[in-house]
Each structure stands twice: as C-alpha cells, then as structure tokens.
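Remarks on the structure that follows.
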Amino acid sequence: MLPDFLAHLGAIALPRTRPARCHRRTSNKRPDQGPFQPGSRFRWTTPVPATTPATTLVITSTVRNAQPDSCIRWSGPAVGDGLNIDNGVHVWNFTEVDGGVLVRTEENWSGAQVEADVPTSTAFLGAGLEA
C-alpha cells in the first residue's frame, strides 16, 4: 500500500494497509493531472521542528520511476527557512508479506548546505527515516 499522500495523488493501487513508518507531511498537491507515472509532479510540505528555527520544508517532487506493486522513485528540491536541500531522492520498494506489504525506504540528500555539514545532515536524514 502506498501512504495516504501518494494514494491520494492517484498512485499505483496496492492493498490499503498503512506502513509502520511514513513521512510526516502537512500538505500535498498534484500540480499536473493525468496518470501517476515518470514525469508526474507533486508538491508537499513536511515540518522540521528539530531545526533552529523550526521550519517547514516545501518539496516539489518529480516521479522518476513507478513500477506497479513494486517500486516508486521520486526526487526534487526541498526549501525551508534557513534549510535547503538541492535534491532529495526517495525510493520506496514494496514487498508483499503475510498480512500486508513491507515498505523499504531509501533516501539521499545533496546540495551545498547538506555537504557543508555532513554529520548533522546524516543525523537529520536518519531521524526522518526512523520517524
């Protein structure tokens, strides 16, 4: 199953069970219409309260790969007050298991601010994947 924000965007259909972990987000929107496929774009926001000052990232993502019942990959920049990620890459792999779907996530950030403080960026990235 895809998390609510991807299912809402018209993503590929999987069983409607919620994964144990998923990105916190405060909004989502499709700036384009049509099938959810490579090239499709979506815009979403997510809070980053652990930063000083606390901020909300505005992220415009582009689907790079979508394989029904298997995998979705998207990437794009994330911009907030005092925090910029030039490019974030997200990969979610789906495996059917007894009683549901196992979702394995991978995420990578790049950009000048990220690379200027790799230990802090790594800590924030890890915390986001564990949330």
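First residue of the sequence shown: 1092, per the numbering used here; consecutive thereafter. We treat Cβ as the ideally placed atom computed from N, Cα and C, and that holds for glycine.
- Pull up the distance between the alpha-carbon of R1155 and that of T1143, whole angstroms please. The residue labelled residue 1155 in the question sits at position 64 within the sequence shown. The residue labelled residue 1143 in the question sits at position 52 within the sequence shown. Going from the Cα of R1155 to the Cα of T1143 covers about 32 Å.
- Query: Cβ of I1163 within 7 Å of any heavy atom in the ligand PLP?
  - Reply: The ligand content of the structure shown is nil, which means the ligand PLP is not present either.
- Task: Can you have a look at L1193 and say buried or exposed, based on whether 16 or more other CB atoms are within 10 angstroms of its CB?
- Result: Position 102 of the sequence shown, counting from 1, holds the residue named residue 1193. Exposed is the call here.
- Message: Among the candidates D1189, T1186 and D1177, whose CA atom is the shortest distance from the CA of N1199?
- Response: Here residue 1199 corresponds to residue number 108 of the sequence shown, with the count starting at 1. Comparing Cα positions, the closest option is D1177.
- Would the beta-carbon of P1126 fall within 8 Å of that of T1151? The count along the sequence shown starts at 1 and reaches residue 1126 at position 35. The count along the sequence shown starts at 1 and reaches residue 1151 at position 60. For P1126 and T1151, no; Cβs fall outside 8 Å.
- Task: Counting only the same chain and skipping the five closest in sequence on each side, list residues whose C-beta sits under 7 Å from that of P1129.
- Result: Here residue 1129 corresponds to residue number 38 of the sequence shown, with the count starting at 1. The answer, listed in chain order, is V1154, R1155, N1156 and A1157.
- Tell me, please, which residues DSSP counts as bridged to S1201. In the sequence shown, the residue the question calls residue 1201 occupies position 110. DSSP, once it has assigned bridges, lists N1178 as partnering S1201.
- Query: For G1191, which three-state DSSP category applies?
  - Reply: For the purposes of this step, residue 1191 is identified with residue 100 of the sequence shown, where counting begins at 1. Reduced to three states, the DSSP call for G1191 is strand.
- Item | From A1214, W1165, E1206 and T1136, residue whose alpha carbon lies closest to that of N1184 | Within the sequence shown, numbered from 1, the residue matching residue 1184 stands at position 93. Nearest option by C-alpha distance: W1165.
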